[in-house]
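First up is the structure itself, then whatever we jot down about it.
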DNA sequence: TTTGGTTGCGCAAGCGTTTGCGTTCATATT
DNA sequence: AATATGAACGCAAACGCTTGCGCAACCAAA
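So, in structure tokens, the structure goes:
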């Protein structure tokens, strides 16, 4: 088998406790012995068994990350950034990919992270039952894109303000008929769609533009949904001259719909997204960018801080800034647009 | 603290060993007692400590997955699929995101997976030193997109054949000046760029088209690189009428370059990619699709099989099929193309 | 009734660490 | 010279499980 702590202890001629202390930089070991131990450990290829050490110490040096659809750019990017932060701090990451309802159910009934992680970072939006299950772990918790929650550190953007910036941009360009492609929040505590809609309504009201419910469509926060939604808007009696898509992926779908109708952005229709998707640049999509990786980093740091100073008050709720990125899909309305 | 196995043993009035056997479905426990134990465990919210059980049993029920850039669609998707497979089989996933050289070095010097995982799945391409380090773990190993390797199960596509299909498609459309945007394999054993280039050369030779080195450019397998490469091709004395990009991301960059030059695909230039990127559809990019998620699933399954039947011979090398997806960026050459 | 085989369970050792406490020994203090 | 002090280290008890073995109790076969 692989070398154990007693093997290196024997090699140096000291006790296992001394090896343990030496390797973890604890005091009580002379520099001379410390060096011998380090050398012996290296030559034996010794690595402490995480199982044994966490059993003995109670700390696992592991963070649980639960996420839906790791393959999607958005979640993958957050995960990527968070992992880097945890890894650099010496923590390992246990990943639970809970895209499917079965996986999610399995996770919350078996709770495989119990006694296995020192903290949990969740990219999911939880109902109260799930939140309670997580709280029962009694470890620091962090999550995203939701209203403040007891027991959780939550990070996100100011969705309402971000949407306002997007729509204001369209208004400033001179648009008066502005459509929206949004989504529903479902039964969960996912506040994003409602907040972004509110931002849209805010700006319309501010600009004295009457709200036309026919211009609000549901894109389900997917590319295909965005395509369907734009198709729907184009079929309206009086189509909009500009569209605010609540996410870049829906905006991409919308652009695709335009192409299929032989229309062009921004000549025939302005489109603005929200997210700052990496491929928005390729498409030349104007968007409100949120620091996606930045949010992963931020949440990870907050969690790490709580692990270092367990008594410090949890930060509760932090919001990161967004910014408008001007590209090629928005312009003043054309005298003769579609229809 | 949280409940331990002795707590539930005491609650039922049996020994800890019986609880252990009952909960893991081992024989030697009557149905009656088994049910009582299950009930007690549920009511106490008991979950076995993974640290303790793996220390005692030697099995960790954990798979190590090492990957670069989890945020990129390609790797994220493979990871996503693999995690689902592992999760369904009852294994947890320890993720190591080794995008940066520092993270990579840290990983291979500290080897945090030693004694911590039952197998490792790597999305990285390793040099021999790294491969040896992994082999020293003495667990089943799997990796991707490289030549067969002792000790590893490797899954991938037939890169050469896939490239052939792509270029053949362009030839069949009537193109004779066909550019390529490729990449270098670097010092590693990443065979993809050379294989795909070989496929390109194969078809040219087959069609009796002389090979013009000026039409081969390096796009570094990134969007920006693809953009630069296409710009370079457009500036050539005699630009190509069609371009084969070795990856979809480079093809997207190429399309962007075309747009910036006020050129259009396929009218002014045909472009074909390779990968089957999720957003290739949005862009209408013709491509050779490889089953990205499928490869993650496949590798995970092969690994799981090795864990179940340790003595079965490892499958060595498996190749999954690719297919041409016709979309809107390829067409016969126009009588008056660019130049 | 004895024998042999099963079934259901408990005992206790062991997995590889960490850590509180005790011991030794050298050095500093009176 | 006697004593206190601290550094360096070893001992042994956890940590919470798994598992080989032993021991009753039971049933079937002889």
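Residue numbers (the numbering used here), protein chains in the order written: chain A, 986 to 1324; chain B, 986 to 1324. Ideal Cβ placement from N, Cα and C applies to all residues, glycine included.
>> Pull the bridge partners of residue 1255/B from the DSSP assignment, please.
In response: DSSP lists 1227/B as partners of residue 1255/B.
>> Please report whether the beta-carbon of residue 1255/B lies at a distance below 9 Å from any beta-carbon of chain A.
In response: Interface criterion not met: the Cβ of residue 1255/B is under 9 Å from no Cβ in chain A.
> Any idea which residues DSSP pairs residue 1164/B with across the strands?
Replying inline: Per the DSSP secondary-structure output, residue 1164/B pairs in a beta bridge with 1228/B.
> For the beta strand (DSSP E) that residue 1107/B lies in, which residues bound it at each end?
Replying inline: In the DSSP assignment, residue 1107/B falls within the beta strand (DSSP E) that extends over 1104-1107.
> residue 1202/A to residue 1198/B, Cα distance in whole Å?
Replying inline: In this structure, the straight-line span from the alpha carbon of residue 1202/A to that of residue 1198/B is close to 51 Å.
>> I'd like to check one pair, residue 1317/A with residue 1154/A: are the Cβ atoms closer than 9 Å?
In response: Contact: no.
> Between residue 1082/A and residue 1069/B, which are expected to be in contact by the criterion C-beta below 8 Å, what is the C-beta distance as a whole number of angstroms?
Replying inline: Beta-carbon to beta-carbon, residue 1082/A and residue 1069/B are separated by about 6 Å, close enough to satisfy the 8 Å threshold.
>> Taking the beta strand (DSSP E) that residue 1080/A belongs to, which residues open and close that run?
In response: Counting along the chain, the unbroken beta strand (DSSP E) around residue 1080/A starts and ends at 1077-1082.
>> Within 10 Å of its beta-carbon, does residue 1388/B have 16 or more other beta-carbons around it, so buried, or fewer, so exposed?
In response: One cannot answer for residue 1388/B here, as it falls past the ends of chain B, which runs 986 to 1324.
> Any residues in the segment 1177-1190 of chain B with a beta carbon nearer than 8 Å to a beta carbon of chain A? Which ones, in chain order?
Replying inline: Residues: none.
>> Less than 8 Å between C-beta atoms, sequence neighbours within five positions excluded: which residues of the same chain meet that for residue 1324/A?
In response: Residue confidence is low: residue 1324/A scores 43 on pLDDT, short of 50, so the model does not pin down where it sits. No coordinate-derived value is stated.
>> Against residue 1078/B, what residues of chain A qualify as contacts under a CB-to-CB distance less than 8 Å, listed in chain order?
In response: Going along chain A in sequence order, the residues near residue 1078/B (Cβ under 8 Å) are 1079, 1080, 1081 and 1082.
> Who are the neighbours of residue 1088/A on chain B, taking C-beta pairs under 8 Å?
Replying inline: Chain-order list of chain B residues neighbouring residue 1088/A: 1069, 1072 and 1073, by C-beta distance under 8 Å.
>> If I follow the unbroken alpha helix (DSSP H) through residue 1131/B, where does it start and stop?
In response: No alpha helix (DSSP H) holds residue 1131/B; DSSP gives it neither H nor E.
> In angstroms, rounded to a whole number, what distance separates the CA positions of residue 1288/A and residue 1166/B?
Replying inline: Rounded to the nearest angstrom, the two C-alpha atoms are 43 Å apart.
> Going by the CB atoms, is the gap between residue 1272/B and residue 1309/B shorter than 9 Å?
Replying inline: Cβ atoms of residue 1309/B and residue 1272/B: closer than 9 Å.
> Name the chain A residues that come within less than 9 Å of residue 1237/B, Cβ to Cβ?
Replying inline: Within 9 Å Cβ-Cβ: 1264, 1267 and 1268.
> For residue 1061/A, which three-state DSSP category applies?
Replying inline: Residue 1061/A falls in the helix class under three-state DSSP.
> Helix, strand or coil: how does DSSP classify residue 1324/A here?
Replying inline: Note that residue 1324/A scores a pLDDT of 43, beneath 50, so its modelled location is shaky and nothing firm can be said.
> In the DSSP assignment, what are the bridge partners of residue 1022/B?
Replying inline: Under DSSP, residue 1022/B takes part in no beta bridge, so it has no partner.
>> So, at 8 Å on beta carbons, what are the nonlocal neighbours of residue 1301/B in its own chain, with the 5 sequence-adjacent residues on each side left out?
In response: Answer for residue 1301/B: 1133, 1138 and 1139, listed in chain order.
>> So if DSSP puts residue 1047/B in a beta bridge, which residue, or which two residues, is it bridged to?
In response: 1077/B, per the DSSP bridge assignment.
> Can at least three beta-carbon pairs, one atom from the segment 1088-1095 of chain A and one from the segment 1055-1073 of chain A, be found at a separation below 8 Å?
Replying inline: Touching, no.
>> Rounded to the nearest angstrom, what separates residue 1057/A and residue 1143/B at their Cα positions?
In response: Here the C-alpha atom of residue 1057/A lies approximately 26 Å from the C-alpha atom of residue 1143/B.
> Sorted by chain position, which residues of the same chain lie with C-beta nearer than 7 Å to residue 1146/A's C-beta, five sequence neighbours on each side aside?
Replying inline: Closer than 7 Å at Cβ, skipping near neighbours: 1184.
>> By the 8 Å beta-carbon criterion, what residues does the segment 1102-1135 of chain B contribute toward chain A?
In response: Listed by position, the residues of the segment 1102-1135 of chain B near chain A (Cβ gap below 8 Å) are 1121 and 1123.
> Anyone know if the C-beta pair for residue 991/A and residue 1099/B falls short of 9 Å?
Replying inline: The answer is no: Cβ separation not under 9 Å.
> So what does DSSP say about residue 1262/A, is it helix, strand or coil?
Replying inline: In this structure, residue 1262/A counts as coil in the three-state DSSP scheme.
> Closer than 9 Å, CB to CB, is residue 1279/B near chain A or not?
Replying inline: Put simply, the CB of residue 1279/B is far from chain A, with every gap to its CB atoms at 9 Å or more.
>> Let me check one thing: in DSSP terms, what residues is residue 1201/A bridge-paired to?
In response: Secondary-structure assignment with DSSP links residue 1201/A through a beta bridge to 1165/A.
>> With three or more C-beta pairs closer than 8 Å as the rule, is the segment 1236-1246 of chain A touching the segment 1211-1223 of chain A?
In response: Segments in contact, yes.
>> Can you check whether the C-beta of residue 1208/B is within less than 9 Å of a C-beta belonging to chain A?
In response: Yes, because at least one Cβ of chain A sits closer than 9 Å to the Cβ of residue 1208/B.
> chain B beta carbons: is any one of them nearer than 9 Å to that of residue 1054/A?
Replying inline: For residue 1054/A, the answer is yes, since a Cβ of chain B falls inside 9 Å of its Cβ.
> Less than 9 Å separating the beta-carbons of residue 1029/A and residue 993/A?
Replying inline: Residue 1029/A is a Cβ neighbour of residue 993/A, given a cutoff of 9 Å.
> Are the beta-carbon atoms belonging to residue 1168/B and residue 1107/B less than 9 Å from one another?
Replying inline: Taking 9 Å as the Cβ cut-off, residue 1168/B and residue 1107/B do not qualify as a contacting pair.
> What residues in the segment 993-1013 of chain A bring their beta carbon closer than 7 Å to a beta carbon of chain B?
Replying inline: Under the 7 Å Cβ criterion, the segment 993-1013 of chain A contributes no residue.
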